[in-house]
Structures are given as C-alpha cells and as structure tokens.
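What follows is a single structure, written as structure tokens, with notes after it.
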Amino acid sequence: MTGDKGQNPGYRVSGLSRREFLRRSLLLGIGSSALPRVLAACAPQAAPQPQPPAQTQQPKRGGTLTIVRPIDAVSLDPTNDTTSAGGWVATNIFESLLKLDYDMSLKPWLAERWEQVAPDRWRFYLKQGVKFHDGTDMNAEAVKISVERAISPQSRAASFFRGIKGAEVRDNYTVDIVTDGPYGPLLRAVSTWFMSIVSPAALQKYGQDFGRNPVGTGPFKFVEWRTNATITIERWDGYWGDKAYLDRVIYKVVPEESNRMLALQTGEADMVFIPALAQVGQFKRDNRYVVHEVDGLRVVFFGFNVNRPPVNDVRVRQAMNFAFDRKPVIDNILENNVLPASSYVASGVIGYKDLSQYWAYDPRKAEELMRQAGYTKGSDGFWAKDGQRLTLKHYSPRGRYPKDAEISEAFQAAMRQFGIQIDLQILEWGTLLNKYTRTGLDAELGTLGWTDVPADAHYTLGALFSCASIPPNGFNGMEYCNPAVDELTARGRANPDEAQRGQLYAQAFEMMAKDAVLVPVYNTKEIIITSAAVKGYRIHKSEYLDWLQYTWLDK
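All letters in the sequence shown, in the order written, are residues 2 to 556 by this note's numbering.
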C-alpha cells in the first residue's frame, strides 16, 4: 500500500526572531531473478591498477598538509564511524579489497583479482607481501576478521551489508566471502571504507580503543588524535605501493566556516573542507587558490518520522513537499553551489530516477491536500484540526552539511507562511546521528544528508529505508516500513545486471516519493578549496574518499 490514500496505519510509517523571520521570508520570495549460472572470473589477473593523477611538475617530497574541517571524527574504526569526518582521515590509513576509483569503476587494491565461484560465494586472491603499520602480515585471516567485524551487530555499518554471511579462509592469500544468495552489489560493497582491512594484532592489543589507535595498510599511518582539535597522520615508508609525497597531514576542527576560510587566506591551512559557499566564486577568481569541484553523491533532506502524528498522514507530508519552494533556497542560501534534489539518490547512483514531480512547488495542491486531511486554516493563518494548531518539531545540525541549519530555518519560514508552525531545534551532530540510528527520532522531522558511498542504491534502500533498519538496527530514523519496497530491494540485490538492478531500485524510490517519506532539498557538489601550492590533489564524487597519496606541496 503506497502513496495517496490518506492515513497509512500499516506503515511504521527554535523559533526565529521576528527580524530573522522577515529577512528569510523576503529571501525566499514568500508571499508570491536469481542468478542464472555461476559466473566466470569477474576481473582478470591483468586488471588495470589505479593510476596516479598526471603531474605537470616534478613532485616534491616532504612537508605538512594542514586541512581545516567543521567537525571531528566519531571514531577511526571503519565499523564505528559512518560519517565522512571519519572517512576523510581513515581512507588514508586503511585500504579495502577493491577500490572505487575516480571514474566510479572498480579496481584491484588489496585483492589482485576475484571471481564468483558459486551464486553465493566470491573468491578474492590477495596481494602478497603487504604489511600493516604494526609490521604484521595482511593475509586471508585478516580479511576474514575485518569482514566479520563489519557485518556484526555491534558494527554501525552492519545495515550496509545485509546479505553477507561471512568469510572463509581458503589459504593464506585466498579468501571467500559468502552471501545468503545471489548478491549483485557485493563488489561495490567491499570497496567501501567500512569494510577496510584492519590489523588483527592491533584489534587484540587495543580492544575497544582501536578506533583511537587505528592500524591499516595505507600510505599514511596514525600518529595522534586530540579530540575536537586535531588528528595527525604521517607517511608510512613501509607502504607496499607508491610512497606518499607528504611527510604528514594534520586535520584541524574549525566549526565556523568564516574561520576556515580565514585560515586558508592567512596560510594557517592548505585545504578547506565544506567551504563557505558565498565565497566560492571569489576563490575561483583568485589564482592563489584552486577550487576542486565535482557533482557529488549526497542528498540533503528533511526526513519525516512517519509514525508520529500528525505526519503519519501521507497527505500532510505530501502537502509540505508541495508547499516548499526550493529554488530561492538554492539560489540565495546555497549560492547555486549545489544541485536541486531530483530523487532520493544522486544522479550518479545505480537506481536513480528523476522523481521531482512529487515535490514540485505547487501551493494550491498543498492546500487541497491539507483540506483532504481534515485541516482548516484559521484567521491566524495556521492550519488546525479538532481545535489543535498543526505544530511540528524539527531537529537540525549546524555545520555538518553545507548550510544545514540555514536551510532548516528557511523551511521553517516557508512552512510558517504556509500555515504550519515548526519548532526548530539545533542539535550537536553526534546527538542527532544517534537519534537517527540508535534511539529513534523523537521529532516529526530531522535534517540529514546521505551519500550512497558505493553508488549502488541497495546501500541506501537497505540501510536508510528498510523495515530491518529501524533504530537501533540501522539508519531508518524515519521508521518507514513498506514490505513492497523491501521486496524490490531484495530482488535488486539478487540481480547481477546493473541496469536491471537499477530499474528495480527506481521502482522502490518512486513508491517512497509517493509516500513523501522525505522533503528532498539538494544534491551536493563536492567542493574543496586548496592553496595553489597544493599539487596532485584530485577530488572524488564520494566525499568519504579523500586520498592524499599523490598530493604534494610546492612550497
């Protein structure tokens, strides 16, 4: 049962100052089939290796790269931090079996080749001679332990990997990953940093503190973490591949975007993550800096807890989508440095389909839906039902995503103009993430951004929208549970053909769009600004992947 039939009982479905409200109102212009056969080898022995970026100058070795970013990591254990703040650092410390390269193709990494030997079994042949930073060997046993940690109930990433049963050692450098049946997205799943290969010896040594003492096989090794201040990594000269050029990298937490930009301008920093969007144009025109930009994989949205009255009525959710004009928000608050959200995933993801018709600005349709839901608009301009004004609670972070609090305030202003009162509360990022993933969203709305890391929508459908991922078992703080969506997700997961898989995922997303589970706002452009002295850097579509192996400093 989906969409437009009113109540869906079967689904587990800060106010602004007067001056700020008027300012934002003017800004917004308010008032106007199972696998048919066992597959042969999926990558030949001679599969192409990831290549370093082309260099126009001879790279220099040495130096410290300083990066400023708005928030700190939660953990540097790949199973304990699912945020990009952890990924930015950890993807330089750890490596996975496969690499999702800059062109979004899969390349060998710690696995030299692989093959599917049965519908429910993939075999990986590991690179030999690779050492962890503690000097121990990277081998099949380490892969088995890392895979089983990633899928365990204690892992924050477990919901990404439903369908993976475990790993079996064949010999010292051959390991099988076993699934519960045909699993089309398997190769993309093992390319994520959440399934990085970690040192078993370090796990035993540090136990619960491994996330503060990470040990991987990457080109950089961990040095120090000062909470909410800095994380330092340095080049590891025992690396199996091309050695990093930089001596070390320091990640500094600078919450205020203006201070991050100032740090770049004064030379205190060499690179800025999540820059001030209003200043991007200025930096593009200044040859002392380089603006690295690519269409990203993250969609930022307001998610409804579809079980909480009154937003358990699909008509109310649909009305709020149609009542929100996103264009002035993107033009004025986000300075056109993002893309309008046209689906529940970005256009680079398998399963994307343009669904923007379900939230095209149409205030007349929005008012009609509210009347159908039994609401009347009073002389005070607010919708009410049974004598109760429609009032909703909305949580948002500040600084986690580009202009997250500001777009939430703009939405609050737009809904006030439409006739819905929103109590907006700004929460610390970790607190809000915990509500989405552990304790449940005790509000009608929450601002969140979601990157489909492997660019296969099974990752989003399984972790963010499935019945099995309702907290505390996943990220489904919306508490949306639709068996028809889960069925399409399962059928897609079992299909090895990416095009057919994508069609099934797209059907699932259209069901959810009709159900108005979210208020999609924008699709990110990944934007990182560096000093012109930073050379060899390349930005990835997935903000989690920030590899610095070939980055160097010309100063």
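Positions of the beta carbon are idealized from the N, C-alpha and C atoms, including for glycine. Just so you know, these numbers come straight off a predicted model, no measurement behind them.
Sequence-distant residues of its chain with Cβ nearer than 6 Å to residue i (five each side left out)
i	result
residue 23	Any reading at residue 23 must be qualified, since the residue scores a pLDDT of 41, below 50, and its modelled position is unreliable; no value is offered.
residue 214	207
residue 159	152
residue 364	324
residue 157	81, 83
residue 44	For residue 44, the predicted structure reports a pLDDT of 41, less than 50, and the residue's modelled location is therefore unreliable. A value from the coordinates is still provided. Same-chain partners within the cutoff: 114, 115.
residue 404	334, 335
residue 289	533
residue 240	220
residue 301	402, 450, 522, 523
residue 420	378, 382, 383, 384
residue 400	71, 256
residue 96	110, 111, 218, 219
Residue i classed as buried or exposed, judged by whether at least 16 other C-beta atoms fall within 10 angstroms
i	result
residue 410	buried
residue 147	buried
residue 511	buried
residue 547	buried
residue 276	buried
residue 318	buried
residue 355	exposed
residue 556	exposed
residue 224	exposed
residue 544	buried
residue 328	exposed
residue 280	buried
residue 332	exposed
residue 377	exposed
residue 357	exposed
residue 267	exposed
residue 154	exposed
residue 124	buried
residue 173	exposed
residue 469	exposed
residue 86	buried
Proximity to residue i [Cα-Cα], best of the options
i	options	result
residue 88	244, 252, 65	252
residue 489	313, 513, 478, 472	513
residue 104	542, 518, 547	542
residue 422	458, 164, 393	393
residue 1	73, 499, 467, 61	Nothing can be reported for residue 1: it is not among the residues displayed for the chain, which extend from 2 to 556.
residue 433	450, 120, 201	450
residue 211	94, 477, 459	94
residue 528	225, 154, 284	284
residue 456	332, 376, 188	188
residue 282	337, 110, 228	337
residue 229	362, 71, 292	71
residue 217	140, 280, 262, 162	140
residue 417	383, 174, 399, 400	383
residue 487	479, 359, 467	467
residue 197	292, 173, 90, 154	90
Cβ neighbours of residue i in the same chain (closer than 8 Å, five flanking residues each side left out)
i	result
residue 271	66, 67, 68, 265, 531, 532, 534, 535, 554
residue 395	303, 409, 412, 413, 423, 424, 425, 426, 444, 445, 446, 447, 448
residue 201	137, 142, 143, 146
residue 7	With a pLDDT of only 37 at residue 7, under the threshold of 50, the placement of this residue in the model should not be trusted; the figure read from the coordinates follows. Excluding sequence neighbours, residue 7 sits near 314, 315, 316, 373, 374.
Expected contact under 8 Å - CB spacing of residue i and residue j to nearest Å
i	j	result
residue 235	residue 249	4 Å
residue 294	residue 526	6 Å
residue 142	residue 170	6 Å
residue 347	residue 453	7 Å
residue 192	residue 99	4 Å
residue 194	residue 341	Not really, about 29 Å apart at Cβ, beyond 8 Å.
residue 558	residue 352	There is simply no residue 558 to check, as the chain begins at 2 and stops at 556 in what is shown.
residue 391	residue 311	6 Å
residue 362	residue 326	4 Å
residue 305	residue 519	7 Å
Beta-carbon proximity list for residue i, same chain, < 7 Å, skipping 5 on both sides
i	result
residue 550	220, 243, 245
residue 166	179, 180, 181
residue 164	180, 181, 184, 494
residue 566	No information on residue 566 is available, as it lies outside the stretch 2 to 556 that the chain covers here.
residue 474	160
residue 380	none
residue 150	80, 156
residue 344	353, 354, 355, 356, 510
residue 367	320, 323, 324, 419
Distance cut-off 6 Å: residue i Cβ against heavy atoms of the ligand SAM
i	result
residue 174	The ligand SAM is absent from the structure shown, which contains no ligands of any kind.
Exercise. Which runs of the alpha helix (DSSP H), 4 residues or longer, sit entirely within the region 160-224?
Worked result: Listed in chain order, the complete alpha helix (DSSP H) runs (minimum 4 residues) inside the region 160-224 are 187-190, 201-207.
Exercise. Going along the chain, which unbroken runs of the alpha helix (DSSP H) with 4 or more residues stay wholly within the region 411-482?
Worked result: Counting only unbroken stretches of 4 or more residues, the alpha helix (DSSP H) elements lying wholly within the region 411-482 are 430-435, in sequence order.
For this session: Could you name each continuous beta strand (DSSP E) segment of 3 residues or more that falls completely within the region 259-318, going from the start of the chain to the end?
Result: Every beta strand (DSSP E) of 3 residues or more that sits fully in the region 259-318 is shown, in chain order, as 272-274, 290-305.
Problem set entry | Continuous alpha helix (DSSP H) assignments of at least 4 residues falling wholly in the region 343-415 | DSSP runs (the alpha helix (DSSP H)) wholly in the region 343-415: 364-373.
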